[in-house]
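When you line the sequence shown up against my numbering, it's residues 297 to 344, in that order.
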Amino acid sequence: MQQARINKEWHQDHKMPKNPTVEQRSSWHEEHQKYCSCRPMPKTIIKT
297 MQQARINKEW HQDHKMPKNP TVEQRSSWHE EHQKYCSCRP MPKTIIKT
């Protein structure tokens, strides 16, 4: 099983806002998925 890799620099530069809106969460997670593989996108964010 392959261990997820965290992009520490990306996380330091791209903090999730406090009390984010759904749009902010969605946008953050979309960018996160491009630059980091530490965890999958939450099912509540995945667009159907």
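Just so you know, even glycine gets a beta-carbon here, dropped at the ideal spot from N, CA and C. In this text the structure is predicted, and so the values were computed from the model without any measurement.
Answer yes or no: do residue 306 and residue 334 have a C-beta to C-beta separation smaller than 7 angstroms? no
Return the residue from the list 325, 301, 330 that minimises the CA-CA distance to residue 267. The structure shown has nothing for residue 267, since the chain only spans 297 to 344.
Count the other CB atoms, across all protein chains shown, that sit within 10 Å of the CB of residue 328; report buried if there are 16 or more and exposed otherwise. buried
Three-state secondary structure (DSSP) at residue 330? helix
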